[in-house]
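In the UniProt record's numbering, the protein residues as written are 1 to 716.
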């Protein structure tokens with residue numbers, strides 16, 4: 001029967017762990033090892049890279065069937081959705097109707113009817129997906145059924161931040177009084193859309209995580225495409241042509257009437273735009289609903305009387321509530337249309353949520369349209385589209401690479417930077433301008449899944465600057481003296497910010513950022529039609545020794561006193577020497593060098609392997625410490641005896657080391673305190689480790705080409 005009520009489930013928590021790291025025999029008798037996240041508590045979670053294991057193998061493993069049949073009985077409904085009711089139950093689909101079917105008569109846009117969950121944005125994307133069978137059957141593999149080979153499980157495939165993943169769910173759906181609570185089909189015994197919604201909810205952690213969103217999210221997760229936005233008040237003159245061509249080439253399309261609040265962008269300052277979702281979707285006198293997402297399912301021209309009229313077909317994911325103006329189902333305009341034209345437009349007088357309207361009314365009533373263009377990884381055999389896409393992962397780390405927008409010049413330059421080389425101008429015989437067209441898409445990761453932890457969408461954007469030949473991380477002075485060549489229209493709290501640009505051939509740097517500094521998060525940056533290169537790590541420049549001063553002589557005297565007749569010092573001796581000298585500098589903050597730091601220094605300078613430093617080795621170390629001390633003071637701008645973690649990159653560069661962005665982030669997380677400050681002993685400890693690593697690398701780099709090959713013994 002149906003599962004227990006919410007109250008019962010909370011009283012009986014179950015954790016079931018099944019070892020699934022096993023070899024599975026496929027139909028062709030070859031063996032392959034797949035991996036699974038096999039501990040299930042509440043929502044049983046199985047996320048599989050699609051290249052790992054054929055779905056048909058899942059049904060052949062008894063342990064897997066046991067997992068789905070058993071764990072799902074104890075799914076915590078609080079993970080599914082926070083409903084204060086004891087009548088919400090998880091029911092096996094065979095108990096909702098006698099003859100459940102996965103798909104009845106082919107999947108179509110009428111199979112999607114919204115339930116009690118505010119995910120109209122997702123359902124609008126699903127409705128658009130049904131217009132392209134190839135795309136649909138990648139997301140919804142069609143070999144599944146409730147009869148042949150049925151094992152109580154179904155699987156769906158989604159594009160997830162650059163990778164295609166396979167999500168497996170069981171056959172239980174939330175119900176109240178034996179009726180589906182969320183998405184349902186117009187056919188009572190058809191369940192592919194409900195199961196697809198469940199799989200997508202599982203991908204993001206819960207049904208509740210799907211409340212509120214943007215149609216572009218769903219369209220991109222179904223295709224791996226890149227979405228471009230058009231505001232109707234700023235729409236290009238050729239928008240109708242753009243929409244028509246987009247549908248012809250298989251793009252997905254959505255539209256909405258937003259409830260938005262905008263801030264003015266003034267001069268060169270950046271001001272954020274914030275999308276404010278409506279608390280309740282509001283129906284207008286025209287039958288359209290504000291704060292609601294729709295699918296665009298067709299764009300056609302029709303002969304009406306003596307002239308042609310441009311029409312747009314739109315669908316409401318509710319499966320009802322339609323436009324009641326000109327060209328609506330019962331309008332008089334249809335009376336003057338020939339039978340052939342009506343058949344071409346597939347006109348139906350039905351309350352199914354789908355309707356036609358003129359393009360002019362469409363522009364007048366909707367505020368935004370989203371067009372998701374396909375990319376090469378959406379379909380392997382796709383030959384229609386010539387997009388070339390590069391996906392680059394990155395993250396903003398507080399204290400190191402979370403510098404905020406251009407309004408924060410002291411930290412903006414610390415944001416991740418990506419080189420963009422535009423080589424060939426557009427091959428357009430009708431365009432004499434030497435320019436390259438490309439699209440940049442900045443997407444923040446995992447914010448929807450982490451919403452239950454208080455993670456909301458950041459306000460994000462990016463800027464593009466022209467540069468010439470410099471392969472290093474661009475510094476603050478560059479951005480203070482340079483003006484951006486292009487930028488995102490605004491900083492806005494969407495999952496993704498996308499924009500098309502045309503720039504002259506050349507080299508550029510793209511700087512993605514959050515609006516506010518110090519905000520940690522992951523992102524992916526996608527480029528279409530471009531060449532991308534990462535900055536290379538250079539080897540450190542040799543350190544200068546400097547001349548002996550009165551200070552050096554005093555230090556030598558301390559060394560001789562501690563070293564004694566042997567003229568050698570241990571790690572503990574070195575700790576005493578350094579701490580005595582550094583304590584005299586009131587302008588340097590330090591908690592004292594640790595024994596571990598001093599052992600690292602000895603390991604770096606100990607050439608004879610005794611574990612102690614003689615006078616010559618100590619002098620070499622002292623010269624380095626002096627040099628690093630000078631660098632440290634240069635970046636102690638506020639004279640607190642510490643340096644900001646954001647300045648650590650420059651300080652390390654001045655010390656002669658060139659690192660990639662990931663290493664800078666790791667250094668910040670390792671050495672910065674809770675206030676994002678680094679004291680002197682931590683600074684020296686970091687440089688000692690870097691010196692040791694570069695020295696070891698150079699020892700193995702016999703050819704001097706910057707690459708080494710190590711065996712296991714050499715690594716250890």
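Yeah, the Cβ is synthetic: ideal placement off N, Cα and C, and Gly gets one too.
These numbers were taken from a predicted model, which means no experiment stands behind them.
Report, in whole angstroms, the separation of the C-beta atoms of residue i and residue j, which I expect to be a contact under 8 Å.
i	j	result
residue 298	residue 120	About 19 Å; that fails the 8 Å criterion.
residue 419	residue 477	With a Cβ gap of about 19 Å, residue 419 and residue 477 do not count as contacting.
residue 621	residue 605	5 Å
residue 335	residue 227	The Cβ separation is near 38 Å, so there is no contact.
residue 101	residue 220	Residue 101 to residue 220, Cβ: 29 Å. No contact.
residue 497	residue 461	6 Å
residue 590	residue 582	6 Å
residue 338	residue 315	With 8 Å as the limit, residue 338 and residue 315 do not qualify as a contact, their Cβ atoms being about 24 Å apart.
By DSSP, does residue i sit in helix, in strand, or in coil?
i	result
residue 510	strand
residue 585	coil
residue 561	helix
residue 646	helix
residue 686	helix
residue 420	strand
residue 303	strand
residue 368	strand
residue 150	coil
residue 242	helix
residue 567	coil
residue 494	coil
residue 128	helix
residue 139	helix
residue 145	coil
residue 678	strand
residue 635	coil
residue 259	coil
residue 99	coil
residue 712	helix
residue 667	helix
residue 524	strand
Taking all protein chains shown into account, decide if residue i is buried (16 or more other Cβ within 10 angstroms of its Cβ) or exposed.
i	result
residue 500	exposed
residue 565	exposed
residue 381	Legend: pLDDT at residue 381 = 42, less than 50; position of this residue unreliable, value from coordinates given subsequently. Residue 381 is exposed by the Cβ-count criterion.
residue 707	exposed
residue 634	exposed
residue 504	exposed
residue 480	exposed
residue 433	exposed
residue 75	Unreliable positioning characterises residue 75 in this predicted model, as indicated by a pLDDT of 41, which lies under 50. A coordinate reading is not provided.
residue 183	buried
residue 319	buried
residue 196	buried
residue 128	buried
residue 710	exposed
residue 517	buried
residue 134	exposed
residue 200	buried
Take residue i as the anchor and find which of the options has the nearest alpha-carbon.
i	options	result
residue 490	615, 512, 658	512
residue 178	98, 599, 212, 330	98
residue 719	110, 305, 468, 390	Within the shown structure, residues of the chain are numbered from 1 to 716, placing residue 719 beyond reach of any answer.
residue 359	326, 310, 325	310
residue 166	188, 473, 202	202
residue 222	331, 510, 126	126
residue 284	106, 240, 305, 322	322
residue 313	357, 368, 609, 196	357
residue 116	137, 259, 176	176
residue 557	518, 619, 609, 600	619
residue 468	445, 233, 509, 438	509
residue 397	90, 705, 113, 662	662
residue 681	437, 579, 647, 218	579
residue 446	440, 455, 438	455
residue 665	154, 585, 414	414
residue 141	154, 131, 150	154
residue 736	562, 527, 457, 484	The question about residue 736 has no answer, for the chain in this structure spans 1 to 716.
residue 163	333, 172, 393, 239	393
* To do: Tell me the start and end of each unbroken beta strand (DSSP E) in the segment 157-194 that is at least 3 residues and wholly inside, in chain order.
  => Segments of the beta strand (DSSP E) lying fully in the segment 157-194: 163-170, 172-176.
**Prompt:** What runs of the beta strand (DSSP E), each 3 residues or longer, lie entirely inside the segment 601-629?
**Reply:** Whole beta strand (DSSP E) segments, 3+ residues: zero.
Continuous beta strand (DSSP E) assignments of at least 3 residues falling wholly in the segment 434-481: 436-444, 460-466, all fully within the segment 434-481.
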